Amino acid sequence: MLAAPVIAQNPKGKGPLTGSLGNATVVEDNPPDVTYVAILPTQFSSKIRGAVSATGNSNGIGVNFLVNFTNFPPELGPFAYHVHVNPVPSDGNCSGALGHLDPFIRGEDIACEKALPQTCQVGDLSGKHGKITEDPFSASYLDEFVSTTMGIGAFLGNRSIVIHSMNKTRLTCANFTMLKTTTNTTNASSPYLFEGKANHIQATSFFTLALLSAFALLL
Numbered sequence: 001m002l003a004a005p006v007i008a009q010n011p012k013g014k015g016p017l018t019g020s021l022g023n024a025t026v027v028e029d030n031p032p033d034v035t036y037v038a039i040l041p042t043q044f045s046s047k048i049r050g051a052v053s054a055t056g057n058s059n060g061i062g063v064n065f066l067v068n069f070t071n072f073p074p075e076l077g078p079f080a081y082h083v084h085v086n087p088v089p090s091d092g093n094c095s096g097a098l099g100h101l102d103p104f105i106r107g108e109d110i111a112c113e114k115a116l117p118q119t120c121q122v123g124d125l126s127g128k129h130g131k132i133t134e135d136p137f138s139a140s141y142l143d144e145f146v147s148t149t150m151g152i153g154a155f156l157g158n159r160s161i162v163i164h165s166m167n168k169t170r171l172t173c174a175n176f177t178m179l180k181t182t183t184n185t186t187n188a189s190s191p192y193l194f195e196g197k198a199n200h201i202q203a204t205s206f207f208t209l210a211l212l213s214a215f216a217l218l219l
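Under my numbering, think of the first position of the sequence shown as 1, with each following residue one higher.
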């Protein structure tokens, strides 16, 4: 059985410890030429459209996110979105993504403090950077605790993005898939992606990703 979340004063004075393994740690070795994208599906019941891209920061510290969503049912908001630990199965059932990405075993019972992102679940993007409160919704930010480096708990490349209503119902979801880059980076083993248009796109810049996300909104 997993340990319950712990709230205790960090002896280094950097905020409360929020999980049985302590605060999330800053990821400092992300490859800057690796990008993952998740494009929301069009063939299932949800009408929400959009995409999320995640690119290793140029100095290796953290991951740059570009988020674009639209067509939300207004009566169900505000909306949360998270990186979930498992990929979505091919039938599109978002329950198959399991829980939030949480390598420090924080849990969800205690609300994330936006001012202390190191105390949040690694995958709680809306907790750290803000919920979806408008339609269309766009955001760009650096998250220092997510990773594009395979083999560590904060890695998002083999996981998924899930959007929730205000009562936590899972509304739509999609898997992250690596984009090809202009370098000779080898593609990671990538999960099923509902919209295959992104599988072989040359991602040469963050501007390219902006165009990709804008295209996803039109699907």
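In this text, a Cβ means the ideal position worked out from N, Cα and C, and glycines have one as well.
All values derive from a computational prediction rather than experimental measurement.
Less than 8 Å between the CB of residue i and some heavy atom of the ligand FAD, yes or no?
i    : result
E134 : No copy of the ligand FAD appears in this structure; indeed no ligand is present at all.
Pick helix, strand or coil for residue i, following the three-state DSSP scheme.
i    : result
A198 : Confidence in A198 is poor, its pLDDT being 32 and thus under 50, which makes the residue's placement too unreliable to answer from.
G56  : strand
G50  : strand
T18  : coil
S189 : In this prediction, S189 scores a pLDDT of 34, lower than 50, which makes its location untrustworthy; the coordinate-derived value is nonetheless stated afterwards. Looking at S189 - three-state DSSP - the assignment turns out to be coil, as it is neither helix nor strand.
S45  : coil
C173 : strand
L179 : coil
Select from the options the residue whose C-alpha is nearest the C-alpha of residue i.
i    : options             : result
T177 : K47, M166, V88      : V88
S147 : N59, I48, N167      : N59
L98  : N86, D109, G92, G19 : N86
G19  : D91, Y36, T119, S46 : T119
P32  : A54, G96, T133      : A54
Q43  : Q121, I132, D91     : D91
P136 : M150, V162, F69     : F69
G56  : M150, G77, I110     : M150
S138 : F65, G96, T35       : F65
Does the separation of the CB atoms of residue i and residue j fall below 9 Å?
i    : j    : result
S126 : H84  : no
G50  : V63  : no
G123 : L101 : yes
E134 : I61  : no
K47  : N23  : no
Using a 10 Å radius around the Cβ and a threshold of 16 neighbouring Cβ atoms, would you call residue i buried or exposed?
i    : result
P103 : buried
K168 : exposed
K114 : exposed
A3   : With a pLDDT of only 42 at A3, under the threshold of 50, the placement of this residue in the model should not be trusted, and no figure is reported.
P74  : exposed
A111 : exposed
Under 8 Å by Cβ, that's how I've got residue i and residue j pegged, so tell me the actual separation to the nearest angstrom.
i    : j    : result
S160 : A174 : 6 Å
A154 : V37  : At roughly 18 Å, the Cβ-Cβ gap does not stay under 8 Å, so A154 and V37 are not in contact.
T35  : L179 : 5 Å
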